[in-house]
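Notes for the one structure printed next.
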Amino acid sequence: MSNVDLIAKKEQYNLRMEELQKKQQEQHLKRVEENKKYAEKRTVELLETYKKIALEQQLSEERMQKENKIYAPKDPHFYAVVLIKSPLRASNKIKKTLELFRLKHINNCVLVKNNESSRQMLQKIRNFVAYGELKLKTLRELIYKRGSCHIFSEKLNITNETLEDAFKNIRCIEEFIYELYFNDERFKELNNFLNPFKLTPPKGGYKGRKAKDIIEGGAVGNHQDKIGELIKKMI
31 MSNVDLIAKK EQYNLRMEEL QKKQQEQHLK RVEENKKYAE KRTVELLETY
81 KKIALEQQLS EERMQKENKI YAPKDPHFYA VVLIKSPLRA SNKIKKTLEL
131 FRLKHINNCV LVKNNESSRQ MLQKIRNFVA YGELKLKTLR ELIYKRGSCH
181 IFSEKLNITN ETLEDAFKNI RCIEEFIYEL YFNDERFKEL NNFLNPFKLT
231 PPKGGYKGRK AKDIIEGGAV GNHQDKIGEL IKKMI
C-alpha cells in the first residue's frame, strides 16, 4: 500500500472518529436535557411530599398533646458524624474505628447507620467527633453543596447521569436524597456511593472548648437533633 493510500485511509478513519464523537456528544447533551426536565418535575413533587410528611408529624404531635400523651419520634436510621479533633495521639483502637467510619481528615463528615454496633463505635470515638440526627433540610444542603461520589475508584460530582448509571429507579439528585433519608432498606447501598463530605472549620468557631463534651459546653459528643446547626456552619 502506497503512502498516499495510507494517508487517505488515516484521514477516513479520523473522519469516522470525529463523526462518532460528535454523535456521542449529541446523545449525551440530549440525555442531560431530558434528565434536567425530569429532575425539575420530580423535585417539585418531592418537595410537596416533604411538606405533607412534616404536616402529618406536626398534627400527630398536637393530637398526642391534646390526649396528654408524650410524643416519641422514631429513632433516626442514620447519624451524621464529623471528625473535629485530631486523633494524632489517640490509641490504635480509636484510629481504627475512625478508619472504619472513613473519617481520615479533620472536618470530614460521614453518614453512619444507626444500629447497636455503630452506637458502640461512636461511644469509643465520641471525644474526637460531633454526631447526631441530621434533618432533611440540612442533608439536602450537604449533598447539593458538598456531595461527591466514587465509581470504579474515580471521584465524581453527583449528577443526574451518575445516579442514573449507578442505581435503578433513581434519575435525579432529589430522588437520591429522598431514598437516602426515608428508605432504611436502601441506606447502606446509597451511602456507600457517597464520598466523605469535606467540610470547612465552622464560621464563628466552636462554642466553648472544642475538645470538651457538648454536655459540658464543648463541641465533641452527641449533639442529638442539633448537629445540623454545626454542620451548616461548616458547609
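Those letters in the sequence shown? Residues 31 to 265, per this note's numbering, in order. The beta-carbon is built from N, C-alpha and C at its ideal position, and this holds for glycine as well.
Bounding residues of the alpha helix (DSSP H) (the contiguous stretch that carries residue i)
i: GLY258; result: 257–264
i: ASN221; result: 217–223
i: ARG156; result: Unbroken run through ARG156: none, as it is neither H nor E.
Candidates the options, of which the one nearest residue i by Cα
i: PHE212; options: ILE83, LEU113 and ARG93; result: ILE83
i: LEU172; options: ASN145, PHE197 and PHE206; result: PHE206
i: ASN157; options: PRO117, GLU91 and TYR68; result: PRO117
i: LEU106; options: GLU146, PHE131 and LYS81; result: According to the sequence displayed, residue 106 carries Pro and not Leu. PRO106 has its Cα closest to that of GLU146, out of GLU146, PHE131 and LYS81.
i: PHE217; options: LEU141, ARG61, ILE265 and GLY248; result: LEU141
i: CYS179; options: PHE223, LYS154, ILE136 and LEU169; result: PHE223
i: ARG170; options: PHE227, GLU92 and ALA196; result: PHE227
i: TYR101; options: ILE114, VAL112, GLN87 and LEU113; result: GLN87
i: SER90; options: GLU78, LEU77, THR79 and LYS104; result: LYS104
Beta-carbon spacing of residue i, residue j below 9 Å
i: LEU59; j: TYR109; result: no
i: GLY235; j: LEU164; result: no
i: GLU204; j: LEU220; result: no
i: THR168; j: ILE261; result: yes
i: ASN225; j: LYS185; result: yes
i: ARG201; j: ALA69; result: yes
i: LYS256; j: PRO232; result: no
i: LEU193; j: ILE155; result: no
Residue i (DSSP reduced to helix, strand or coil)
i: TYR208; result: helix
i: GLU163; result: coil
i: LYS233; result: coil
i: SER183; result: coil
i: LYS242; result: coil
Run of the beta strand (DSSP E) containing residue i, from where it starts to where it stops
i: ASN190; result: Looking at the DSSP string, ASN190 is not in any beta strand (DSSP E); the run it does join, the alpha helix (DSSP H), is 190–196.
i: GLY251; result: 251–254
Counting only runs of 3+ residues fully inside the segment 62–139, write out the beta strand (DSSP E) ranges in chain order. Entirely contained in the segment 62–139, the beta strand (DSSP E) runs reaching 3 residues are, in chain order, 108–113.
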